[in-house]
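Visitor:
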Amino acid sequence: MIGTGPILAALKDQSRLTLLIWGGLAVEVLAALITARWLAAYVAASTLLLSMLPLFFASRLNIRLPRSIVAVAVVFVFASIFMGEAFGFYERLWWWDIALHGLSAVGFGIAGFLLVFILFEGDRYAAPPWAIGLLATSFGVMIGVLWEIFEFVMDRTFGMNMQKTGLMDTMGDLIVDVIGAGFGGTMGALYLRGRALGPFAALLDAFVALNRRLFRRIGRKG
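Under this note's numbering, think of the first position of the sequence shown as -15, with each following residue one higher.
This is the structure:
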């Protein structure tokens, strides 16, 4: 069982943006409890805990996450749950849901690339870059499909309205998922060729540097 020491250290060693969002959410939880705004307290507390989950999972898997990845995850959870639900951004801004779906799809596409890259232990020549990019894209699309199935089950079982307009909402989300995952997978393929866009290359380099033991063959020449 992993102790709390490494997790607490990881929570403290984050970017200012991440700490600012966590601090703001903690203040909102306390303020909502004091003023008996129970729903607001629940939403803020849920957002705070969910935004910390990546660090807990990483600790369990003995993986280190770069600050940039944690910051993106925290901003996404904050935007989707706290701003989307508590402040009604899904209703106020028609593009809010689309933007978040696209961002999450890109993230899952990159996560798929890292998963495949880890399986190959960092060997850039184990498979053609396009094949690894395709696998990464498929992973991202799969997550998007599973989410749409989850929405369908929740709507049918509990009478919720997660699918909103039904078929149009589902197909729109899937199209955005394919585009976003394709972009993430493409960035992974370009990374293998040394052509990834600056921010994506820096993010992937940071992950590899922090988890060098998982990429023992990264220096291998074809």
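Positions of the beta carbon are idealized from the N, C-alpha and C atoms, including for glycine.
Nearest-angstrom Cα distance between M155 and L187?
Guide: Residue mapping note: residue 155 aligns to position 171 of the sequence shown, counting from 1. Residue mapping note: residue 187 aligns to position 203 of the sequence shown, counting from 1. Each residue's alpha carbon lies about 30 Å from the other.
Visitor: Grouping DSSP H, G and I as helix and E and B as strand, with all else coil, what is A180?
Guide: Position 196 of the sequence shown, counting from 1, holds the residue named residue 180. Residue state, collapsed to three classes: coil.
Visitor: Report the three-state DSSP secondary structure of I47 (helix, strand or coil).
Guide: By 1-based counting over the sequence shown, the position of residue 47 is 63. Coil, per DSSP.
Visitor: Just the C-alpha distance for I116 and R108, rounded to the nearest angstrom, thanks.
Guide: For the purposes of this step, residue 116 is identified with residue 132 of the sequence shown, where counting begins at 1. For the purposes of this step, residue 108 is identified with residue 124 of the sequence shown, where counting begins at 1. One C-alpha to the other measures close to 10 Å.
Visitor: Alpha carbon to alpha carbon, what distance is there between E75 and S122?
Guide: The residue you call residue 122 lines up with position 138 of the sequence shown. The residue you call residue 75 lines up with position 91 of the sequence shown. Their backbone Cα atoms lie some 30 Å apart in a straight line.
Visitor: Once you ignore the five residues that flank A190 on each side, which residues in its own chain have a CB closer than 7 Å to its CB?
Guide: For this step, residue 190 is matched to residue 206 along the sequence shown. Around A190: P50, S52.
Visitor: Tell whether a beta-carbon distance below 8 Å holds between G124 and G86.
Guide: Mapped onto the sequence shown, residue 124 falls at position 140. Mapped onto the sequence shown, residue 86 falls at position 102. Not closer than 8 Å, so no.
Visitor: With distances taken from CA atoms, which of T31, I18, R48 is nearest A(-7)?
Guide: In the sequence shown, the residue the question calls residue -7 occupies position 9. Among T31, I18, R48, the Cα nearest to that of A(-7) is on R48.
Visitor: Check for me: the alpha helix (DSSP H) holding Y74 runs from which residue to which?
Guide: For the purposes of this step, residue 74 is identified with residue 90 of the sequence shown, where counting begins at 1. 73 to 76 is the span of the alpha helix (DSSP H), which, as asked, contains Y74.
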